[in-house]
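Start counting the sequence shown at 0; every next residue gets the next number (numbering that gives the first Met the number 0).
Positions of the beta carbon are idealized from the N, C-alpha and C atoms, including for glycine.
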Amino acid sequence: MKFRKDEALVLHSRKWSESSFILTCLARESGKLSLVSKGARRPKAFTGAYHTPGSHVELIWIDHSQRDLFSLVSIDPLVQVSVPLEYLRFTAWMRILRLVKRTINPESPHPTGYYQLIRTLQAIGSDKTDARLLYLQFVLRWVSELGFPIDWSRCDRCGNLVRGKRLAILVDRGVGICENCLTGKPTSPEEQLLQISGETYAWLRKLDAMSEREVKRITVSDRAREEMETVCMRYGEHHLGFSLRSVFQ
Ligand SMILES: [Zn+2]
Numbered sequence: 000m001k002f003r004k005d006e007a008l009v010l011h012s013r014k015w016s017e018s019s020f021i022l023t024c025l026a027r028e029s030g031k032l033s034l035v036s037k038g039a040r041r042p043k044a045f046t047g048a049y050h051t052p053g054s055h056v057e058l059i060w061i062d063h064s065q066r067d068l069f070s071l072v073s074i075d076p077l078v079q080v081s082v083p084l085e086y087l088r089f090t091a092w093m094r095i096l097r098l099v100k101r102t103i104n105p106e107s108p109h110p111t112g113y114y115q116l117i118r119t120l121q122a123i124g125s126d127k128t129d130a131r132l133l134y135l136q137f138v139l140r141w142v143s144e145l146g147f148p149i150d151w152s153r154c155d156r157c158g159n160l161v162r163g164k165r166l167a168i169l170v171d172r173g174v175g176i177c178e179n180c181l182t183g184k185p186t187s188p189e190e191q192l193l194q195i196s197g198e199t200y201a202w203l204r205k206l207d208a209m210s211e212r213e214v215k216r217i218t219v220s221d222r223a224r225e226e227m228e229t230v231c232m233r234y235g236e237h238h239l240g241f242s243l244r245s246v247f248q
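See below:
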């Protein structure tokens, strides 16, 4: 038995017994953690608020080896990540937390993804950035974090830049196909090919590269936004193996 300490994002919290919570967290160094927080629901417990999904906290817990449910010793707040009150933002926020919870394993840390998650939640909590685009950006980055980045640099067929009015993305392989190659050769029926406009491709490429703060400054046409959503959802579903829901449904 030993004490361990790490910072973490609370992904999920559920009531347990009369007075406790079970927390699922993404810890910076320890990856996925499931913890029992005893007594946190008692009226006098002042730490109850830190158990809310999206809370950024510092944890100390007892590591009983060979168990996958640890005992929380202390929980303290770190940087404030405010839960959005507006419905759409709140939906995006919860979908992101669920996506992370569903795709992480114990003992496999994701330090890059951890900071990405914090930045995205902070941006969604601010009321100026488009939550739908932040959600799509997060899906792209998270799927990339799990080992499936999209290669935006070159056309998969000819090796040139992916340019043109009508292009495609191969969802299964995460690569683009330029206009010339799309019209020139038939594609094999096994390929998971999504045709999109050049505008959509350019926006997706930018979205994948830009900071969360920069998302605040962009204005995307409705058509491009819908296509962006289709690509991100299909891409995520293909590589994660379960269905993702749009924030607007
Ligand atoms: Zn090409």
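In the structure shown, the three-state DSSP call for C24 is strand. Contact between the stretch 18 to 32 and the stretch 103 to 117 is present: 3 or more CB-CB pairs across the two stretches fall below 8 Å. A straight-line Cα-Cα distance of about 15 Å links Q194 and R204. Taking the Cα positions, I21 is about 8 Å away from H11. No Cβ-Cβ contact shorter than 8 Å links Q121 with R140. For I176, the shortest separation between its Cβ and any heavy atom of ligand 1 lies below 7 Å.
When only Cα atoms are considered, C157 and T182 end up about 13 Å apart. Within a 10 Å sphere around the beta-carbon of H50 sit 16 or more other beta-carbons, which makes this residue buried. Non-local beta-carbon contacts of D62 in its own chain, meaning distances under 8 Å to residues more than five positions away in sequence, involve M0, K1, F2, R3, F69 in chain order. DSSP places C231 in the helix class (H, G or I) of the three-state scheme. Counting C-beta atoms within 10 angstroms of its own C-beta, Q136 has 16 or more neighbours from the protein chains shown and is therefore classed as buried. Annotated as distal: Y134 and R97, with beta-carbon spacing of 8 Å or more. In the DSSP assignment, F69 falls within the unbroken beta strand (DSSP E) covering 69 to 76. In this structure, the CA atom of A48 is about 50 Å from the CA atom of R165. Between the C-alpha atoms of E144 and K14 there is a straight-line separation of about 31 Å. Here E211 is buried: its Cβ has 16 or more other Cβ atoms, across all protein chains shown, within 10 Å. Listed as beta-bridge partners of D5 by DSSP are L58. Judged by their CB atoms, V99 and G235 are not nearer to each other than the 8 Å cut-off. Assignment of S29 by DSSP, reduced to helix, strand and coil, places it in the coil class. Between the C-alpha atoms of Y113 and L169 there is a straight-line separation of about 28 Å. Residue side-chain check: R140 keeps its Cβ at 7 Å or more from all non-hydrogen atoms of ligand 1.
Listed in chain order, the beta strand (DSSP E) elements of length 3 or more contained wholly in the stretch 163 to 207 are 165 to 169, 174 to 176, 192 to 196. Cβ neighbours of R41 within its own chain (closer than 7 Å, five residues either side excluded): S18. For the 8 Å CB-CB criterion, R131 and V230 do not form a contact.
For S152, the enclosing beta strand (DSSP E) begins and ends at 150 to 154.
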